[in-house]
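Q:
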Amino acid sequence: MGRIIYILVALALALAPVSGAAKNKAAANPVLEAFQGLILDPGRGFTVSQALLARSFAAHLHQGDAPLDLKDLNALGAVYDPASDTPLTAGMVYYHLAYPLSLLRQLNTGEAEILARVIEARIRWLAGDRAAARIQIEDLIVQFAAVGGTEDQMVSLLADAAVLAWRDGDAEAAQGYLIRAQACGQAKCPSDFVFDWLTLNRSAGKQAYEGYNSDTMKETALDHAADLVTAPEEMQADIRREADFATGDWAAALAWAMQAAQAPQTLTSAEQRRVRLIADRLFRENGMSPYLMGGASVASEVAGLVDDSGALLSQKLTDGDVAYIGDALWAGLIIESWPILHHLYQASDRPGDALVAQVFKARLVLKDGDAARALEMFSAVLADARGQGFSDARLHAILMDQWAAAVLAGEPDVAAQARAATAACRVEKCGADITARLAGRYQVLPKTVYPSSLQGTKQAAADAFFREVFPGDFLKLADLYSNGGSERRPMDGARNHMTGFAFAEQVPDLPVADLAQRAERAMSALIRAGKYRQASDIGARTEARATQALAVGDLSAYFYQKWARASFRLGDAAARAYYRRAVVKMLAAPERDLRWFNQAEDLALDLLDTGYDDSLLALIDGRADKADMRARVLFRQGKAEEAAQVYRGFRLRAEAELSGKNSIDTPAIYAQSAKLRAIAVQEAHYLAAAGDVQGADAMRALGRTADWPTPWPDLDAPMPAGLQARFTQETQGFGGSMGLIRPMFELRDTGNYQGAAVWMRDMAWVAQGADQSGSYLDAQTLWQMAFTFARAGDMARAFDLMDRAARIAARLSFEGAGEGTLQLLERDRWRYLLFVDIAWGAVTGRVPEQMLVVSRY
Numbered sequence: 000m001g002r003i004i005y006i007l008v009a010l011a012l013a014l015a016p017v018s019g020a021a022k023n024k025a026a027a028n029p030v031l032e033a034f035q036g037l038i039l040d041p042g043r044g045f046t047v048s049q050a051l052l053a054r055s056f057a058a059h060l061h062q063g064d065a066p067l068d069l070k071d072l073n074a075l076g077a078v079y080d081p082a083s084d085t086p087l088t089a090g091m092v093y094y095h096l097a098y099p100l101s102l103l104r105q106l107n108t109g110e111a112e113i114l115a116r117v118i119e120a121r122i123r124w125l126a127g128d129r130a131a132a133r134i135q136i137e138d139l140i141v142q143f144a145a146v147g148g149t150e151d152q153m154v155s156l157l158a159d160a161a162v163l164a165w166r167d168g169d170a171e172a173a174q175g176y177l178i179r180a181q182a183c184g185q186a187k188c189p190s191d192f193v194f195d196w197l198t199l200n201r202s203a204g205k206q207a208y209e210g211y212n213s214d215t216m217k218e219t220a221l222d223h224a225a226d227l228v229t230a231p232e233e234m235q236a237d238i239r240r241e242a243d244f245a246t247g248d249w250a251a252a253l254a255w256a257m258q259a260a261q262a263p264q265t266l267t268s269a270e271q272r273r274v275r276l277i278a279d280r281l282f283r284e285n286g287m288s289p290y291l292m293g294g295a296s297v298a299s300e301v302a303g304l305v306d307d308s309g310a311l312l313s314q315k316l317t318d319g320d321v322a323y324i325g326d327a328l329w330a331g332l333i334i335e336s337w338p339i340l341h342h343l344y345q346a347s348d349r350p351g352d353a354l355v356a357q358v359f360k361a362r363l364v365l366k367d368g369d370a371a372r373a374l375e376m377f378s379a380v381l382a383d384a385r386g387q388g389f390s391d392a393r394l395h396a397i398l399m400d401q402w403a404a405a406v407l408a409g410e411p412d413v414a415a416q417a418r419a420a421t422a423a424c425r426v427e428k429c430g431a432d433i434t435a436r437l438a439g440r441y442q443v444l445p446k447t448v449y450p451s452s453l454q455g456t457k458q459a460a461a462d463a464f465f466r467e468v469f470p471g472d473f474l475k476l477a478d479l480y481s482n483g484g485s486e487r488r489p490m491d492g493a494r495n496h497m498t499g500f501a502f503a504e505q506v507p508d509l510p511v512a513d514l515a516q517r518a519e520r521a522m523s524a525l526i527r528a529g530k531y532r533q534a535s536d537i538g539a540r541t542e543a544r545a546t547q548a549l550a551v552g553d554l555s556a557y558f559y560q561k562w563a564r565a566s567f568r569l570g571d572a573a574a575r576a577y578y579r580r581a582v583v584k585m586l587a588a589p590e591r592d593l594r595w596f597n598q599a600e601d602l603a604l605d606l607l608d609t610g611y612d613d614s615l616l617a618l619i620d621g622r623a624d625k626a627d628m629r630a631r632v633l634f635r636q637g638k639a640e641e642a643a644q645v646y647r648g649f650r651l652r653a654e655a656e657l658s659g660k661n662s663i664d665t666p667a668i669y670a671q672s673a674k675l676r677a678i679a680v681q682e683a684h685y686l687a688a689a690g691d692v693q694g695a696d697a698m699r700a701l702g703r704t705a706d707w708p709t710p711w712p713d714l715d716a717p718m719p720a721g722l723q724a725r726f727t728q729e730t731q732g733f734g735g736s737m738g739l740i741r742p743m744f745e746l747r748d749t750g751n752y753q754g755a756a757v758w759m760r761d762m763a764w765v766a767q768g769a770d771q772s773g774s775y776l777d778a779q780t781l782w783q784m785a786f787t788f789a790r791a792g793d794m795a796r797a798f799d800l801m802d803r804a805a806r807i808a809a810r811l812s813f814e815g816a817g818e819g820t821l822q823l824l825e826r827d828r829w830r831y832l833l834f835v836d837i838a839w840g841a842v843t844g845r846v847p848e849q850m851l852v853v854s855r856y
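Following numbering that gives the first Met the number 0, the numbering of the sequence shown begins with 0 at its first residue and continues without gaps.
1. Considering G738, what are the terminal residues of the alpha helix (DSSP H) in which it resides?
2. Apart from the five residues just before and just after W165, which ones in its own chain have a Cβ nearer than 6 Å to its Cβ?
3. Does the distance from the CB of A550 to the CB of V511 come in under 8 Å?
4. Is DSSP giving W124 helix, strand or coil here?
5. Considering only the beta carbon of each residue, do V413 and V380 sit closer than 8 Å?
6. CA-CA distance, R747 and E542?
7. Nearest-angstrom Cα distance between G815 and M585?
8. In terms of alpha-carbon separation, which member of D761, D612, K360, I277 lies closest to L444?
9. Only counting the same chain, and skipping five residues up and downstream in sequence, which positions put a Cβ closer than 6 Å to that of A642?
10. Determine the DSSP secondary structure at W255, reduced to helix, strand or coil.
11. On a Cα-Cα basis, can you pick out the residue from M153, R104, D167, R517 that is closest to R133?
12. When we look at the beta-carbon of P861 and count the other beta-carbons within 10 Å, is it buried (16 or more) or exposed?
13. What number of angstroms, rounded off, separates the C-alpha of A25 from the C-alpha of Q35?
14. Does the region 118–129 come within contact of the region 241–249, defined as at least 3 CB pairs closer than 8 Å?
15. Excluding the 5 residues preceding and the 5 following M718 in the sequence, name in chain order all residues of the same chain whose CB lies nearer than 8 Å to its CB.
16. When the Cα atoms are used, what is the spatial distance from V193 to M216?
17. Could you spell out where the alpha helix (DSSP H) holding G471 opens and where it closes?
18. Along the chain, where does the alpha helix (DSSP H) containing I324 start, and where does it finish?
19. Count the other CB atoms within 10 Å of the CB of E232; is the residue buried (16 or more) or exposed (fewer)?
20. With 16 as the cutoff for other CB atoms within 10 Å, does A141 come out buried or exposed?
21. Which residue marks the beginning of the alpha helix (DSSP H) containing V355, and which one marks its end?
22. Counting only runs of 3+ residues fully inside the region 564–605, write out the beta strand (DSSP E) ranges in chain order.
23. Spell out a yes or no on whether the region 620–627 and the region 727–745 are touching, meaning 3 or more CB-CB pairs, one atom from each, closer than 8 Å.
24. Count the other C-beta atoms from every protein chain shown that fall within 10 angstroms of the C-beta of S18, then say buried if there are 16 or more, exposed otherwise.
25. Compute the distance between the beta-carbons of W562 and S535, then report whether it is under 8 Å.
26. Identify every run of the beta strand (DSSP E) within the region 639–720, keeping only runs that are complete inside it and at least 3 residues long; order them along the chain.
27. Assign V228 to one of three DSSP states: helix, strand, or coil.
28. I'd like the list of long-range same chain contacts for W595, defined as Cβ closer than 7 Å, with 5 residues on each side in sequence excluded.
29. Should T820 go down as buried or exposed, given a rule of 16 or more other Cβ atoms within 10 Å for buried?
30. For L328, count neighbouring C-beta atoms within 10 Å of its own C-beta (all shown protein chains included) and say buried if the count is 16 or more, exposed if not.
31. Exposed or buried, which one is E467 when buried takes at least 16 other CB atoms within 10 Å?
32. Taking A679 as the reference, give the member of E656, Y646, P710, L657 with the closest Cα.
33. Quick one: Cα of Y323 to Cα of R575, how far?
34. Of all the CB atoms in chain C, is at least one closer than 8 Å to the CB of L593?
35. Within the chosen definition, does the region 395–406 reach the region 358–368 through at least 3 CB pairs nearer than 8 Å?
36. Tell me the rounded alpha-carbon separation between R806 and Y775.
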């Protein structure tokens, strides 16, 4: 009969050469296309099918140096075995696979039916109906053999049958199945149909399936659950819950779990199970939780190399490898994950979860530097665990934490005892470790759509958690929240900083200078999030505190700049006065080091955007490197001729810097530098406005070469292969597509609007690549390009780019809410007001004198 999986024709086409006609015929089968799309849907059908078929008993047969006996095979477990501490449930899996299985059966082939029945048998096993699973597996083995199937093709079925028979006490049958399952010895049987499926399965699974319909998935699973298990009620409840996870409709379920976890002793076993399932999904969705609990722990980083002196630990701490002790851990990650997980896992029905919940608190104290208190907390957790009968092998990670805390606290006897207790697991990893087990479970869980309304729940959990760990220590609480920023979740970062500042205000003897620095950080976070009123309020409260303490002099230029920026966005006339104070303080600074120049640059860009020309001119007075800003101020004051004269000095200075000598209007120099050509174009704009047509033409000649600027293509046309490869290669770094256009918009932001726009026309390939790539950073790149063209009056081009940027941002906001992009869209609502200006300019043919949005928000 050959390989069973070959009948999945469309999938097999990926591995074997076939005619174009055959490919078209296979692609025209909508049932097969739908099955393939759903079963390979990343994070959903793909994750579940991979787990169910790959993490099997058969997978253990090919590990180790010697064949396994039944006892060892049984103990190793499988993801579909409830006795193996699996994080999956039958309802969770069936929600994702019931409808694809119904499609598979529509192919009307015996081989497809066998694959469907194998999946169903494992789901029955996962649901606790082991007897039904054994009957179905053994029937499949008999049917498979009857049509010519060989043992090397049935390894997965035979391994499952061996374990099922062993657990039923049928040792003879179990041994027979095991011997047959070892048909290929220690090697993996490539002819096993499950192995064949997984090979194909890995060849795709990169794109979300567009035909996914959560209602169809749920209703199909609910309708067929009763046919699969004899008591389907729990399974159907899990199906409904999984549908909520898949659609983001689980905020109410989390609110219930948080309320229920306040009194875990009153919960039924079913309710404790519900709490645990919700906690596991939160753990999975916070991508750094496994890192914090497992990958960057003392147990993982120090492993078998622990020595009595703790020298290696000291090195690991110096390197920042242990996340919850060294500087590698961001407080924002703790705020996002630990408090709510601590609360829920205390009410979990899984043995050991309540102990791990206490580890969250102890690790936070250890990170805070209080090793002695952390040692007491780890020791208390271990005493409680041993009282419950947990072995050292199951407590390995906590023992390693105890060892680290003892070393840091100067308790060598306790450290030696902990080291001795971890000896076995430092030589060979202990898979039963209750902490490491939690960290490793998330990989097989399907993804969820994150509810957009969890912040209040998470904030309440964080407040309770931190107040419990650091009771009454307002400064400690302020530090925790003030370090809880997030670029991906700017609204969360803004709320954290507001909370941290509120705690700092409650410290009566906190110096004004310290409070002002906290205010600066809080205002920065709030401004990034578009929360201008809250930022301005923090500025006012801080100044009032400084006035009361007779310490207004301790308020820095940076403080007034942030307050001014927030006030300006609110239309508050006081913004001008705050900016003026910032300039006065900057100019009065006794030292002008690199930090001063960076801050002065930031302030100057603010002032150019806001139009407070008097303060800007005072700040840049005498600075030849800011002549382009001075020229822009003169130009918008109607002094085009003076602007051109001032700008000429700026251009010649830039030309001399590039050539290394004092050269004047040398075409060869301009041919070497696109930036210098853009500067020449800008001077031409000022000269033309002043009526100097001849001078403007001369500058345009300097700024033009045979191939620059390049023609602007149709962005919807296919991207040339060479440019596509260039875009892919040059966006691999940290800056992505934004890094490719940064020089252009940095030139724009210092007042070179027309020159930057002409230079930006040379980057059409970046716009094409960003539009096709479609990440959030790509949307920001398109936005910056649109803003550049809008500043120069090229409204049609700007509108097209803005439309593409908005479409990407809107799509990601709803497809990827779990990554925080809804918060990014909320943050950037001011940016998208630029549409109003661009549309108005496109209709009227005029450039708005003042944009609704400034380049730096």
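We treat Cβ as the ideally placed atom computed from N, Cα and C, and that holds for glycine.
Just so you know, these numbers come straight off a predicted model, no measurement behind them.
A: Taking the geometry as given:
1. By 1-based counting over the sequence shown, the position of residue 738 is 739. Counting along the chain, the alpha helix (DSSP H) containing G738 begins and ends at 735–748.
2. Your numbering for residue 165 matches position 166 in the sequence shown. Within the same chain, W165 has close Cβ partners L69, N73, A173.
3. Here residue 550 is taken as the residue at index 551 of the sequence shown, counted from 1. Here residue 511 is taken as the residue at index 512 of the sequence shown, counted from 1. A contact, by the Cβ cut-off of 8 Å.
4. For this step, residue 124 is matched to residue 125 along the sequence shown. DSSP places W124 in helix when its eight states are reduced to three.
5. As a working mapping, residue 413 is identified with position 414 in the sequence shown. As a working mapping, residue 380 is identified with position 381 in the sequence shown. In this structure, V413 sits away from V380, with a CB-CB distance that is not shorter than 8 Å.
6. Your numbering for residue 747 matches position 748 in the sequence shown. Your numbering for residue 542 matches position 543 in the sequence shown. Between R747 and E542, the C-alpha separation is close to 34 Å.
7. To locate residue 815, count along the sequence shown from 1; it is residue 816. To locate residue 585, count along the sequence shown from 1; it is residue 586. Only weak support exists for where G815 lies, its pLDDT of 48 falling under 50; the coordinates are left without a value.
8. To locate residue 444, count along the sequence shown from 1; it is residue 445. Closest option to L444, Cα to Cα, is I277.
9. The residue given as residue 642 occupies position 643 in the sequence shown. These residues qualify, in order along the chain: A630, L633, F634, Y685.
10. Numbered from 1 along the sequence shown, position 256 holds the residue referred to as residue 255. Note: W255 maps to helix in three-state DSSP.
11. Position 134 of the sequence shown holds residue 133. Of the candidates M153, R104, D167, R517, the one whose C-alpha sits nearest the C-alpha of R133 is D167.
12. This structure gives no information on residue 861, because the portion of the chain shown stretches from 0 to 856.
13. By 1-based counting over the sequence shown, the position of residue 25 is 26. By 1-based counting over the sequence shown, the position of residue 35 is 36. With a pLDDT of 42 at A25, under the threshold of 50, the modelled position of this residue cannot be trusted, and the question is left open.
14. Counting Cβ pairs under 8 Å, fewer than three are found: no touch.
15. In the sequence shown, the residue the question calls residue 718 occupies position 719. So the list reads F726, W764, Q767, G768, Q771, once near-sequence residues are dropped.
16. By one-based count along the sequence shown, residue 193 stands at place 194. By one-based count along the sequence shown, residue 216 stands at place 217. Looking at the two C-alpha atoms, the distance is approximately 24 Å.
17. For the purposes of this step, residue 471 is taken as the residue at position 472 of the sequence shown. From DSSP, G471 is part of no alpha helix (DSSP H); its letter is neither H nor E.
18. Counting from one through the sequence shown, the residue named residue 324 turns up at place 325. First-last for I324: undefined, no H or E at that position.
19. In the sequence shown, residue 232 corresponds to position 233, counting from 1. Exposed, by the Cβ-count rule.
20. Position 142 of the sequence shown, counted from the first residue, corresponds to residue 141. The sequence given here has Val at residue 141, not Ala. Under this definition V141 is an exposed residue.
21. Sequence index remark: in the sequence shown, residue 355 carries index 356 (1-based). Segment 352–366, the alpha helix (DSSP H) holding V355.
22. none
23. no
24. On the sequence shown, position 19 is the one that residue 18 refers to. Low confidence applies here, because S18 scores a pLDDT of 31, under 50, leaving its location unreliable; read the following figure in that light. Burial call: exposed.
25. The count along the sequence shown starts at 1 and reaches residue 562 at position 563. The count along the sequence shown starts at 1 and reaches residue 535 at position 536. Taking 8 Å as the Cβ cut-off, W562 and S535 qualify as a contacting pair.
26. none
27. As a working mapping, residue 228 is identified with position 229 in the sequence shown. Under the three-state reduction of DSSP, V228 is assigned to coil, being neither helix nor strand.
28. For the purposes of this step, residue 595 is taken as residue 596 along the sequence shown, with counting starting at 1. Correct list, in chain order: A588.
29. Within the sequence shown, the letter at position 821 stands for residue 820. Since pLDDT at T820 reaches only 49, below the 50 mark, its modelled position is unreliable, and the value read off the structure follows with that caveat. Result: buried.
30. By one-based count along the sequence shown, residue 328 stands at place 329. Residue confidence is low: L328 scores 46 on pLDDT, short of 50, so the model does not pin down where it sits. No coordinate-derived value is stated.
31. Mapped onto the sequence shown, residue 467 falls at position 468. Under this definition E467 is an exposed residue.
32. Indexing the sequence shown from 1 puts residue 679 at position 680. The alpha carbon of A679 has as its nearest neighbour, out of E656, Y646, P710, L657, the alpha carbon of Y646.
33. Residue numbering aside, residue 323 sits at position 324 when the sequence shown is read from its first letter. Residue numbering aside, residue 575 sits at position 576 when the sequence shown is read from its first letter. So the alpha carbons of these two residues sit roughly 44 Å apart.
34. Although the question refers to chain C, the structure presented lacks it and comprises just one protein chain.
35. These segments touch.
36. By 1-based counting over the sequence shown, the position of residue 806 is 807. By 1-based counting over the sequence shown, the position of residue 775 is 776. Rounded to the nearest angstrom, the two C-alpha atoms are 10 Å apart.
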